[in-house]
Amino acid sequence: MQATQSSNKGLLERLFKLSEHNTNVKTEIIAGITTFMTMAYILVVNVNILGETGMDKNAVFAATAISAFIGCLAMGLLANYPIALAPGMGLNAFFAYTVVLGMGHTWQFALCAVLIEGIIFIILTATNVREKIIDCIPPVLKHAVTAGIGLFIAFIGLANAGLVVNGSTILALGNMRDPLIILTIVGIIISSILIAKNIKGAFLIAMLIISAIGMILGLVPLPEGIIASSVPSVKPLFLQALTVPTNEIFSLQMLVIVITFLFVDLFDTVGCLVGVASKGNLLDENGKLPRAKQALFADAIATTAGAALGTSTVTSYVESAAGIGEGGRTGLTAVTTGVLFILSLFFAPLFIAVPTQATSPVLIIVGVMMASSLKEIDFNDFTNAIPAFLTLAMMPFAYSIADGIIFGIISYTILKLATGKSKEINIYLVILSILFVLKFVFITH
């Protein structure tokens, strides 16, 4: 028995280089569980959003879980990064509300667009185009992206918990007498204390405590069971992307939709990889992301597989920062998260029972942790400070990582050129800035 355990540890060490990254199996597994619990909401939300297009909801649930498993496995084994993937928020809304319900296309048409996007990404990754985009982003914007993602996911946590709501102003404070909001605040306090005391598994412990308190007090529902009565199948959606007529595939509308998916997914992924990797000290001494090509391949493979299975674009998740906050440093964290997504097919009632009030505090505290990258930015140099602030601010305010990066790059390029600091930019930044301006002119979404 001990020999088997030793052999397993040896295999994991060879696969993920745990000692080289100053981590161990226990830490990585806890980190993977934490990441899963902060992003498991996608299993429910994706079903609700894509289900509005007429897609079979049980099949969407299965496609979401399986595509997340494939993406996490690819990221863990190919790139050895603790970054999890699943169908992306925002991208699924564009899929359902704009392409299908807004423009009147079938969901098969939308799936075909995602499939084409995935294939294009595989080609762009193979030719190093996506890797060059990551490398050309200056260090000051990389630090701003990290802090911006922190603010973005903290905002998601605040909004999900109802602490921040739509009000008479653009945003307003939620009802502080609401028992669920009080439960969230208790969760923030518990999470903060456990993190401040450097307790291993702080986030996971906090989520379990808050879930238990909420269920005992009757504030959140108990699990409807432990094991699902039946395992959903992807059969109603599988390969439906290939049923679209040829004339629709080669239409102008398909081109515009594919380009929109490409833009948003590309810079959501770039932002997530750079920001989350920076938080985990995974960038090299030059501020570049080692094994970026492998990470981008994992993302492209997951998107293509997801479209074939029957779900919207699969992308890297900023909630991966929660697992990194727990000490996750290798692909074993991502693989653990992926395995839990597969298990969710069998134990869906149990996983879905974890309430928002338990996961929101984790996202908020992770936002605090990621904001530390702001200290690396020289705010005395306004050619750095302004682009950094725009990057930081636009992510939560525009509700888009991609838009934050776009505003940061355009303003950085213009300011450096206008103030005689052209040596601090490269040709790729200039090209990207021109493309971004054209995007705003010709693509409205």
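If you count by the working numbering, then the sequence shown holds residues 3 to 447, one letter each, in order. Every residue, glycine too, gets a C-beta built ideally from N, C-alpha and C. Since the model is a prediction, treat every value here as computed from it, not as a measurement.
query, result
"Determine the direct distance from the alpha carbon of A65 to that of N200, and round the result to whole angstroms.", "37 Å"
"Rounded to whole angstroms, what's the CA-CA distance from V27 to E15? Just pull it up for me.", "9 Å"
"If you draw a straight line from the alpha carbon of V439 to that of R132, how long is it in whole angstroms?", "19 Å"
"How big is the Cα-Cα spacing for G216 and I197?", "21 Å"
"Measure the C-alpha to C-alpha separation of A323 and V278 and round it to an integer number of angstroms.", "6 Å"
"What's the C-alpha gap between E426 and S413?", "13 Å"
"Return helix, strand or coil for S318, following the three-state DSSP convention.", "strand"
"Compute the beta-carbon to beta-carbon distance between A302 and F123, rounded to the nearest angstrom, for a pair I have assumed lies under 8 Å.", "4 Å"
"Can you tell me where the alpha helix (DSSP H) with A88 in it begins and where it stops?", "Note, A88: premise wrong, no alpha helix (DSSP H); beta strand (DSSP E) at L87 to P89."
"Report the partner residues of A174 according to the DSSP bridge assignment.", "V167"
"Going by CA-CA distance only, name the one from I51, P84 and D58 that's closest to R331.", "P84"
"Going by other Cβ atoms of all chains shown within 10 Å of its Cβ, with 16 needed for buried, is P247 buried or exposed?", "exposed"
"Could you tell me the boundaries of the alpha helix (DSSP H) in which R179 lies?", "Unbroken run through R179: none, as it is neither H nor E."
"Where in the region 49-120 do unbroken runs of the beta strand (DSSP E), each at least 3 residues long, occur, reported from the N-terminal end onward?", "87-89"
"Below 8 Å, can you find three or more Cβ-Cβ pairs linking the region 243-259 to the region 106-125?", "yes"
"Here's the rule I'm using: 16 or more other beta-carbon atoms within 10 Å means buried, otherwise exposed. How should E287 be labelled?", "exposed"
"Given 8 Å as the limit, is there contact between the region 149-165 and the region 429-439, that is, 3 or more CB pairs closer than that?", "no"
"Quick check on the DSSP output: what are the complete alpha helix (DSSP H) runs of length 4 or more inside the region 200-262, in order along the chain?", "204-218 and 248-251"
"Using a Cβ cut-off of 9 Å (strictly closer), state whether F123 contacts chain B.", "The structure shown contains no chain B; it holds only a single protein chain."
"Checking 9 Å against the spacing of the C-beta atoms, do M105 and I261 come in under that value?", "no"
"Is the beta carbon of V266 closer than 9 Å to that of A400?", "no"
"Do A88 and V316 have their C-beta atoms within less than 9 Å of each other?", "yes"
"Compare the Cα-Cα distances from M372 to each of H145, M41, T338 and S346 and report the closest residue.", "H145"
"In whole angstroms, what is the alpha-carbon distance linking N60 and L219?", "31 Å"
"Please classify S390: does DSSP put it in a helix, a strand, or coil?", "Position check: residue 390 holds Ala in this sequence, whereas Ser was assumed. Residue state, collapsed to three classes: helix."
"Any chance you could list the alpha helix (DSSP H) runs of at least 4 consecutive residues sitting entirely within the region 126-167, in chain order?", "131-138 and 141-163"
"Between which residues of its own chain and D380 is the CB-CB distance below 8 Å, once the five residues before and five after are set aside?", "V142, N386 and A387"
"Express the C-alpha separation of L298 and G227 in angstroms, rounding to a whole number.", "38 Å"
"Report, in whole angstroms, the separation of the C-beta atoms of Q359 and V222, which I expect to be a contact under 8 Å.", "7 Å"
"Given a cut-off of 9 Å on the beta-carbon distance, is the pair S318 and A86 in contact?", "yes"
"Just the Cα atoms here: how many angstroms apart are S280 and N249?", "44 Å"
"For N130, collect the residues of the same chain with a Cβ closer than 8 Å to its Cβ; drop the 5 residues on either side in sequence, then sort them by chain order.", "K295"
"With a CB to CB cut of under 6 Å and the five nearest residues on each side skipped, what residues in its chain are close to P351?", "P225, E226 and G227"
"Alpha carbon to alpha carbon, how far is A149 from G273?", "11 Å"
"Where I454 and I44 are concerned, what is the direct C-alpha to C-alpha distance, given to the nearest angstrom?", "Any question about residue 454 goes unanswered here, given that the chain covers just 3 to 447."
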